[in-house]
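J.: Pasting in a structure now, in structure tokens, and then I'll have a few things to ask.
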Amino acid sequence: MGFLQKQSWLKQHSFSSKRDYEKMGTNAYQNYVAIPNDGTDVWEIDPRNLKFENKVASGSYGDLYKGTYCSQEVAIKVLKPERLNTDLQKEFAQEVFIMRKVRHKNVVQFLGACTQPPNLCIITEFMSGGSVYDYLHKQKGVFRLPSLLKVAIDVSKGMNYLHQNNIIHRDLKAANLLMDENEVVKVADFGVARVKSQSGVMTAETGTYRWMA
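Numbering (UniProt numbering), first residue to last: 1 to 213.
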């Protein structure tokens with residue numbers, strides 16, 4: 001991302017203060033999105049420590065950037081301020097709530113989040129290999145049988161870990177399977193994931209219906 005692009009991004013995604021909202025005369029946003037916290041983890045990230053590089057992907061509700069955080073290469077998922085509403089903030093809170101406790105070699109590592117609307121973002125490790133979907137459909141790559149078996153094993157291990165912790169991903173598809181530089185595959189994107197209660201009851205919303213798991 002060039003200098004002018006960076007300045008444009010910072011202008012569009014300026015991290016406003018409470019005073020700014022008071023001047024606007026709106027109660028559209030709380031100061032921070034409330035994330036349940038047991039007091040044992042610290043994951044709120046100061047946005048001033050984030051450096052944005054190039055945009056990796058863009059969706060209806062957010063953009064994904066490659067960047068750095070305290071000299072570490074990271075992926076930064078930024079929700080689009082103009083698309084923010086109560087439901088999207090709840091989904092964001094749910095994703096952070098789930099990801100903050102997940103620790104497994106086959107699940108993308110959560111590093112932290114910025115929870116001050118309208119500048120909501122989630123920071124994770126950067127997966128330089130991209131998604132399995134892009135590898136197969138955009139790069140026209142082919143997995144030979146040994147590699148294909150390894151992909152299946154990696155995904156199975158990641159999903160098994162999630163299920164052991166009562167986490168239902170609900171959007172398991174090739175686009176949400178990311179590869180690192182060593183071709184280790186990790187499960188990503190917990191935007192529609194849910195924690196299963198002891199009664200087994202979950203909310204009705206789903207991700208991509210064909211890939212719910």
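Ideal placement from N, C-alpha and C gives every residue a C-beta, glycine not left out. This structure is a prediction, so every number in the text was calculated from the model and none was measured.
I'd like the span of the alpha helix (DSSP H) that includes PHE92, first residue to last.
T.: One-based indexing of the sequence shown puts residue 92 at position 92. Unbroken alpha helix (DSSP H) run through PHE92: 86-99.
J.: Let's test the definition: count the other Cβ atoms within 10 Å of the Cβ of PRO117 and tell me whether it reaches 16, buried, or not, exposed.
T.: Taking the first residue of the sequence shown as position 1, residue 117 is located at position 117. PRO117 comes out buried.
J.: Can at least three beta-carbon pairs, one atom from the stretch 178-197 and one from the stretch 90-106, be found at a separation below 8 Å?
T.: Result yes; three or more Cβ-Cβ pairs closer than 8 Å.
J.: By the DSSP assignment, the alpha helix (DSSP H) with ILE153 in it spans what residues?
T.: In the sequence shown, counting from the first residue as 1, residue 153 sits at position 153. Taken as a continuous stretch (DSSP letters only), the alpha helix (DSSP H) holding ILE153 covers 145-164.
J.: Name the one or two DSSP bridge partners that LYS51 has.
T.: As a position in the sequence shown, residue 51 is number 51, starting the count at 1. LYS51 is bridged to THR68.
J.: Whose C-alpha, out of TYR61, TYR135, ASP134, SER156, is nearest the C-alpha of LYS105?
T.: Within the sequence shown, numbered from 1, the residue matching residue 105 stands at position 105. Closest option to LYS105, Cα to Cα, is SER156.
J.: Of the choices ASP180, PRO47, HIS169, whose alpha-carbon is the least far from that of SER131?
T.: Within the sequence shown, the letter at position 131 stands for residue 131. Of ASP180, PRO47, HIS169, the residue nearest in Cα terms is ASP180.
J.: By Cβ distance below 6 Å, which residues in the same chain neighbour PRO81 in space, the five residues on each side in sequence not counted?
T.: As a first step, residue 81 is located in the sequence shown; it is residue number 81 there, counting from the start. Contacts found: PRO118.
J.: Applying the 10 Å Cβ sphere with the 16-neighbour rule, what's the burial state of VAL42?
T.: Here residue 42 refers to the residue found at position 42 when the sequence shown is read from its first residue. Exposed is the call here.
J.: Just grab the DSSP bridge partners of MET179 for me.
T.: As a working mapping, residue 179 is identified with position 179 in the sequence shown. Beta-bridge pairing links MET179 to GLY130, VAL185.
J.: Spatial neighbours of LEU120 within its chain, please: CB distance less than 8 Å, with the 5 preceding and 5 following residues excluded, ordered by chain position.
T.: The sequence position of residue 120 within the sequence shown is 120, counting from 1. Hits under 8 Å: VAL33, VAL78, LEU79, LEU84, GLN89, PHE92, ALA113, CYS114.
J.: Return the bridge partner residues of ARG194 from the DSSP annotation.
T.: In the sequence shown, residue 194 corresponds to position 194, counting from 1. ARG194 is bridged to ILE168.
J.: Where do the ends of the beta strand (DSSP E) carrying ASN106 lie?
T.: Position 106 of the sequence shown, counted from the first residue, corresponds to residue 106. Run containing ASN106: none; DSSP gives neither H nor E here.
J.: Suppose you measure from the CA of ILE167 to the CA of ALA75; what does that come to, to the nearest Å?
T.: Here residue 167 is taken as the residue at index 167 of the sequence shown, counted from 1. Here residue 75 is taken as the residue at index 75 of the sequence shown, counted from 1. So the two alpha carbons sit approximately 22 Å from each other.
J.: Can you give me the Cβ contacts of VAL184 inside the same chain, cut-off strictly under 8 Å, excluding the 5 residues immediately before and after it?
T.: As a working mapping, residue 184 is identified with position 184 in the sequence shown. Around VAL184: LYS105, ASN106, ASP154.
J.: Starting from the C-beta of residue 258, find all residues in its chain whose C-beta is less than 8 Å away, skip the five residues before and the five after it, and write them out in chain order.
T.: Shown here, the chain extends from 1 to 213; a query on residue 258 therefore has no answer.
J.: Against chain B, does ARG194 count as a neighbour if the rule is that its beta carbon must be under 8 Å from one of theirs?
T.: Given the protein chain composition of this structure (a single chain), no chain B is represented.
J.: If you run the structure through DSSP and keep just helix, strand and coil, what is LYS77?
T.: In the sequence shown, counting from the first residue as 1, residue 77 sits at position 77. It is a strand residue.
J.: Give every residue of the same chain whose Cβ lies closer than 7 Å to the Cβ of LEU111, excluding the five residues on either side of it in the sequence, and list them in chain order.
T.: Working through the sequence shown from its first residue, we reach residue 111 at position 111. Answer for LEU111: TYR69, VAL74, ILE123, THR124, GLU125, listed in chain order.
J.: Cβ of LEU50 within 8 Å of Cβ of ALA57?
T.: Reading the sequence shown from its first residue, position 50 is the one you call residue 50. Reading the sequence shown from its first residue, position 57 is the one you call residue 57. No, Cβ-Cβ distance for LEU50 and ALA57 is not below 8 Å.
J.: Taking C-alpha atoms, which residue in SER128, HIS137, GLU44 lies nearest to ASN54?
T.: The residue you call residue 54 lines up with position 54 of the sequence shown. Closest option to ASN54, Cα to Cα, is SER128.
J.: Express the C-alpha separation of GLY59 and GLY67 in angstroms, rounding to a whole number.
T.: Here residue 67 refers to the residue found at position 67 when the sequence shown is read from its first residue. Here residue 59 refers to the residue found at position 59 when the sequence shown is read from its first residue. Between GLY67 and GLY59, the C-alpha separation is close to 18 Å.
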